[in-house]
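Chemist: Counting from 1 along the sequence shown, just add 11 to a position and that's the residue number in the working numbering.
Ideal Cβ placement from N, Cα and C applies to all residues, glycine included.
My questions all concern the structure below.
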Amino acid sequence: MLYYFCWTRSSSTSSSSLIRILFVLLAVLGLDIPPTLGWLSPSSSCSSLSSPRVGIGTGTTSTTSSSTTTSLIPITMSSIGSPNDTADDSVRVLGVCGGIGSGKSTACKLLVSSCNCLVHIDADSVAHSVYAPGSQAVRDVVANFGRSEIAVGGDDGDGDDDDRPLEIDRKKLGAIVFADRSKMAELEAIVWPHVRVALRKKIDRSKEEWKQNKNENGDDSASASRRPVVVLEAAVLLDAGWENMVDGVWAVTVPRKDALQRLIETRGLTSEEATKRIDAQKSCRGIGNLSEEVENGVVTGVVVNDGSLEDLKQTLEKSLDDPSFWKQR
């Protein structure tokens with residue numbers, strides 16, 4: 012965890028330096044800082060979040076213009092980030108989102124297979140595991156939507172013996188939530204916290220495995236200068252509020268015509284079906300409002316996937332080493 016503040020080296024410590032040290036200690040202890048004194052200037056390497064670089068599919072990286080003025084930030088725990096989610100300075104977590112047909116899954120796989128990232132964690136797969144029969148998430152969903160409406164198995168109190176664990180009938184649940192957006196929101200509010208916990212466990216496990224391997228075998232990474240990276244793929248990364256779990260948020264984009272073609276060719280969809288699926292994501296954060304998320308500094312990098320696999324690989328390599336593609340702490 013890094014705290015940025017101005018420091019002037021001299022033979023005797025100045026009073027302003029002592030004040031800065033005091034404020035950092037207060038922030039670490041979680042104590043309030045007087046509002047008239049609690050603003051410190053960050054070091055030149057920690058300026059306000061600028062617009063992210065945009066990695067072009069041809070392997071080049073173009074720089075968006077941004078001001079270089081230094082902003083003032085309060086030294087508080089909230090401004091630094093959640094200590095529980097991003098306190099590990101050794102391994103970085105990269106969140107990857109993007110619309111259907113954008114190639115985000117391909118990008119995530121390339122990050123591991125060709126760019127030496129540690130592991131690819133797929134939030135969709137984790138979400139499926141959360142629905143395991145008898146799990147707490149299943150019990151919570153059934154309690155909200157009603158046993159008779161969506162559940163099978165378990166003890167329903169009718170006196171009949173049923174040794175099967177409580178399970179959700181996905182077809183029945185799907186019919187409810189896809190017909191009513193408010194019901195879908197209810198389901199997401201129940202399930203997403205369970206998915207977050209499961210993702211956190213997988214991320215922590217990946218970090219621990221890397222540390223153990225490093226202690227036993229030394230650092231055998233291809234690039235000693237690059238910190239190890241865990242890749243988290245989640246289309247709903249921003250909608251679910253998981254951005255504080257990661258050290259960078261990349262959005263993979265593709266021209267609409269290319270996305271349509273991919274869905275038709277790889278998933279066997281008709282043009283009409285593919286169009287509906289793409290349009291259905293217009294309300295998703297980081298997809299329908301990408302420019303807004305970029306401007307607000309939530310999305311730290313945009314990867315334009317409009318070339319070959321080799322183009323994409325080169326773009327990802329450059330993006331990993333570009334500081335502007337990561338949160339500035």
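Measure from the alpha carbon of CYS295 to the alpha carbon of each residue in ALA251, ASP151, ILE179, VAL153, then state which is nearest.
Modeler: Comparing Cα positions, the closest option is ALA251.
Chemist: Confirm, please, whether the CB-CB distance from VAL153 to ALA162 is below 9 Å.
Modeler: Cβ atoms of ALA162 and VAL153: closer than 9 Å.
Chemist: Alpha carbon to alpha carbon, how far is ALA3 from GLY165?
Modeler: The chain is shown from 12 up to 340; residue 3 falls before or after that span and cannot be answered.
Chemist: Hey, quick one: how far does the beta strand (DSSP E) through LEU248 stretch, first residue to last?
Modeler: That residue, LEU248, is in no beta strand (DSSP E); it is neither H nor E in DSSP.
Chemist: Out of curiosity, what's the CA-to-CA distance linking ARG175 and HIS205?
Modeler: Cα to Cα, the separation comes out at about 22 Å.
Chemist: Could you spell out the range, first to last residue, of the alpha helix (DSSP H) harbouring ILE132?
Modeler: Segment 130 to 133 is the beta strand (DSSP E) holding ILE132; no alpha helix (DSSP H) there.
Chemist: When you compare the segment 123 to 130 with the segment 257 to 271, are there three or more beta-carbon pairs, one atom per stretch, that lie closer than 8 Å?
Modeler: No, because fewer than three Cβ pairs between the segment 123 to 130 and the segment 257 to 271 fall closer than 8 Å, the two stretches do not touch.
Chemist: Does LEU274 pass the burial test, meaning 16 or more other C-beta atoms within 10 Å, or should it be called exposed?
Modeler: LEU274 comes out buried.
Chemist: How would you call LYS293, buried or exposed, if buried means at least 16 neighbouring beta carbons within 10 angstroms?
Modeler: So LYS293 ends up on the exposed side.
Chemist: Would you grab the beta carbon distance between GLY312 and LEU248 for me? Rounded to a whole angstrom, and I think it's under 8 Å.
Modeler: About 13 Å separates the two Cβ atoms, so there is no contact after all.
Chemist: Tell me the rounded alpha-carbon separation between ASP333 and LEU323.
Modeler: Cα-Cα distance, rounded: 15 Å.
Chemist: Hey, out of PHE156, ASN226, SER136, whose CA is closest to GLY185's CA?
Modeler: It is PHE156 whose Cα lies nearest to the Cα of GLY185.
Chemist: Across which residues does DSSP place LEU121 in a beta bridge pair?
Modeler: Answer by DSSP bridge pairing: none, since LEU121 is not bridged.
Chemist: Look up THR264 in the DSSP assignment and say whether it is helix, strand or coil.
Modeler: THR264 falls in the strand class under three-state DSSP.
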